[in-house]
Amino acid sequence: MTRHHPDSLSLMEYSAGNLSEPHALCIRLHLDQCPHCRSRVDTLNSLGAVMMDQQPKVSVSDTSFEQLLARIDEAPQTSQPVVNSPRLSPLQKLLGDDINDLPWKRQLGDVSVLDISEKFPGQEERVVLQKLVAGGKAPAHTHRGTETTIVLQGAFSDSKGVFNQWDFVVLTDQDVHKPVAIGHEDCITLSILSAPLKLTGTFGRLLNPFLR
Amino acid sequence: MTTLDQQPAKAEGRKDPWGVLLEKVGKTQDRAAYHALFEHFAPQIKYYAISNGIASHAEELVQEVFISIWRRSCLYDWRKAAASTWIFTIARNQRIDMLRKMKRSSAEMAIETEDLWQIPGENEDEPVTSLHRLMSERRIRESLSQLPEEQITVIAKVYMEHKSHQMVADELDIPLGTVKSRVRLALNKLKVILQDQNV
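So the protein lines, in turn, are chains C and R.
Counting in this note's numbering, the first sequence runs from 8 upward without gaps.
Counting in this note's numbering, the second sequence runs from 61 upward without gaps.
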């Protein structure tokens, strides 16, 4: 049961189509599991439709509709009805069927990471999977920018509370973050880092490659 | 859903006129209905492209959106979204898609635009009653008419000009916090804000 949701401003940026691809992915993964936020996004999408309706209108070229019909008639393959076939989830597309079975890089003790930023070419943010073994602890750290995280598997707790699968967490430079994986499963999260991390503990230098 | 099916006349009464046209396109490839939708929505979409800073591709965006409407209309379910909301999400996705393709080849994209931004009613098992959806559009119009101009301006920039809250703040020369509080006030009125964070 999801308890931690994206805030309304982020959902609005999502609905408006203004988020970066990694951020949109985090929201999409949460929406798949959260009827409550889906309903909020429905309302925001309707807000978008109403805004579009209340703005000025600009006439299209005289031949625009004819061109459309010509395209439909001449290229049946581009105008064929879409079949609503079951699709792979975005996560499967990106990472395959088992997120436990990835080329994880063991960092220190309980933490493994996998940088998947290259799957989002042209994006400035770093996109990182992090895995904390069941019962394991991560070293305390703060963030220089903002870190947006969604829990993909398992659960963790820190000073802000307990975060279960599909929970959404945004941490800023004000937060000292010291997560502990709880439950029987390894905890796997997907995080977007807008700026490098800053370590607060003694492990800082060791962890530098990971938290660069 | 069953109750709706048992009362076709009543259910029919709740459809919006654009939804009726969209269903005709979906079921019988009705070109007159398609044309009526084009007349109404194409000028909105063209302005949407221009305000989003892709004026030189505005006609192209209109074309892509309407090809997409033609192909997807068979999936449109008026019980899941009002027609204008559905068309807005298609316009938004085509705009995103166009910008993505300008920047890189599709081979480089591990994930499609629609994996990130879904069209309502597709890949969604959950039934939602039409009453809820259509009320929601009417409620938005009513709520918007009561909002101060400064709040509407901010929302319009986010939706129509593809601007982040920070960019809106820079442009209007007001603090980011002010932009966010204007948006929050508006969203509160529209009941998007969670009443209880633990819902």
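In this text, a Cβ means the ideal position worked out from N, Cα and C, and glycines have one as well.
Interface residues of chain R around residue i at Cβ under 7 Å?
i      : result
C/K64  : P103, Q104 and Y107
C/Q181 : Result: empty, since nearest Cβ-Cβ is about 15 Å, beyond 7 Å.
Nearest CA to the CA of residue i: which residue from the options?
i      : options                           : result
R/V122 : R/A93, R/H225, R/Y107 and R/C134  : R/Y107
R/V218 : C/Q99, C/R45, C/L51 and C/R133    : C/L51
C/V57  : R/Q178, R/F148 and R/E83          : R/F148
C/G24  : C/V48, C/H37, C/H12 and C/H43     : C/V48
C/V120 : C/E154, C/E131, C/G129 and C/V135 : C/V135
C/I106 : C/S17, C/C194, C/S164 and C/F170  : C/C194
R/E124 : R/I171, R/L250, R/Y136 and R/F101 : R/F101
R/R132 : R/T238, R/I150 and R/S203         : R/I150
R/Y136 : R/L207, R/K240, R/G86 and R/M220  : R/G86
Following the continuous beta strand (DSSP E) through residue i, name the residue where it begins and the one where it ends.
i      : result
C/C194 : C194 to L200
C/Q137 : R133 to L139
R/A115 : That residue, R/A115, is in no beta strand (DSSP E); it is neither H nor E in DSSP.
Hey, how far is the Cα of residue i from the Cα of residue j?
i      : j      : result
C/A162 : C/G142 : 10 Å
R/A37  : R/L81  : Within the shown structure, residues of chain R are numbered from 61 to 259, placing residue 37 of chain R beyond reach of any answer.
C/K144 : R/T173 : 36 Å
R/L245 : R/Q211 : 8 Å
C/V183 : R/F126 : 49 Å
C/D14  : C/A77  : 45 Å
C/H43  : C/I34  : 13 Å
R/R155 : C/G168 : 38 Å
R/T62  : R/T213 : Residue confidence is low: R/T62 scores 39 on pLDDT, short of 50, so the model does not pin down where it sits. Its coordinate-derived value is still stated next. Approximately 42 Å between the Cα atoms of the pair.
R/Q66  : R/S224 : With a pLDDT of 38 at R/Q66, under the threshold of 50, the modelled position of that residue is not reliable, and the figure given next carries that caveat. Distance between the alpha carbons of R/Q66 and R/S224: 46 Å.
C/S124 : C/E132 : 7 Å
R/P68  : R/R152 : Note on R/P68: pLDDT 41, under 50, position unreliable in the model; no value is reported.
C/Q114 : C/D108 : 16 Å
R/E72  : C/P146 : Model confidence at R/E72 stands at a pLDDT of 46, short of 50, so the residue's coordinates are unreliable; what they give is reported in the following sentence. About 59 Å.
R/D76  : R/H222 : 28 Å
C/T153 : C/S17  : 13 Å
R/D233 : R/L247 : 22 Å
C/H11  : C/L197 : 15 Å
C/L38  : C/A31  : 10 Å
R/A115 : R/M158 : 13 Å
Check the Cβ of residue i against every Cβ in chain C and list those closer than 7 Å, keeping chain order.
i      : result
R/R155 : G24
Quick one: list the residues of chain C neighbouring residue i, beta-carbon separation under 9 Å, in chain order.
i      : result
R/D76  : Within 9 Å Cβ-Cβ: nothing; R/D76 doesn't reach chain C, min ~11 Å.
R/K240 : L16
R/L204 : L54, V57, M58 and Q61
Quick check on the DSSP output: the alpha helix (DSSP H) that includes residue i runs from which residue to which?
i     : result
R/A93 : R91 to S111
What residues from chain R crowd round residue i, counting only those whose CB sits closer than 8 Å?
i      : result
C/D122 : Result: empty, since nearest Cβ-Cβ is about 14 Å, beyond 8 Å.
Name the chain R residues whose beta carbon is nearer than 9 Å to that of residue i?
i      : result
C/F163 : Result: empty, since nearest Cβ-Cβ is about 18 Å, beyond 9 Å.
For a contact meaning CB atoms closer than 8 Å, what does residue i contact in chain C?
i      : result
R/P208 : Chain C residues near R/P208: none, gap ~15 Å exceeds 8 Å.
| said: Threshold first: 4 residues or longer. Then list the alpha helix (DSSP H) segments lying entirely within the segment 209–250 of chain R, N to C. | reply: Taken in chain order, the complete alpha helix (DSSP H) segments of 4 residues or longer contained in the segment 209–250 of chain R are 209–220, 225–232 and 236–249.
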